[in-house]
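Visitor: Following this message is one structure expressed as structure tokens.
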Amino acid sequence: MPTEDKVHENRLRRMAERQGLFLKKSRRRDPRSLDYGRYMLVDSFTNTIVAGELNSPRALTLGEIEEYLSGEDEDDA
Numbered sequence: 000m001p002t003e004d005k006v007h008e009n010r011l012r013r014m015a016e017r018q019g020l021f022l023k024k025s026r027r028r029d030p031r032s033l034d035y036g037r038y039m040l041v042d043s044f045t046n047t048i049v050a051g052e053l054n055s056p057r058a059l060t061l062g063e064i065e066e067y068l069s070g071e072d073e074d075d076a
């Protein structure tokens, strides 16, 4: 993993922690796998999935995690 990706991942881990969540990364090592290099957010208190889902096509990229944590995916309408 390139250094800038690791820095980005660590920053998002801290953002998630401040919101009572934790970032879980897929453990897949096969680049052809659907969730290779993908993530999900889990509620730290209830241990339930908040966003994304590993082992499925619904797992999220770092960019999608960042959008979720910063509230950019919410509609203000």
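If you read the sequence shown in numbering that gives the first Met the number 0, its first letter stands for residue 0, the second for the next number, and so on.
The beta carbon of each residue, even a glycine, is placed where N, CA and C say it ideally should be.
Using C-beta distances below 8 Å, list every residue in its chain close to R12, excluding the 5 sequence neighbours before and after it, in chain order.
Guide: F21, L22, listed in sequence order.
Visitor: Cutting at 7 Å between CB atoms, please list the residues of its own chain near M14, excluding the five before and the five after it.
Guide: Result list for M14: L68, in chain order.
Visitor: Just checking my contact of R37 with A58 at CB under 8 Å: how many whole Å lie between their CB atoms?
Guide: Going by Cβ atoms, the distance from R37 to A58 rounds to 3 Å, so yes, they are a contact pair.
Visitor: Identify which residue in I48, R28, L40 has its Cα closest to the Cα of E16.
Guide: Selected option, being the one with the closest Cα: L40.
Visitor: Work out the CA separation of L61 and V6 for me, nearest whole Å.
Guide: Cα to Cα, the separation comes out at about 11 Å.
Visitor: Hey, could you find the ends of the beta strand (DSSP E) D42 is sitting in?
Guide: That run of the beta strand (DSSP E) goes 38-42.
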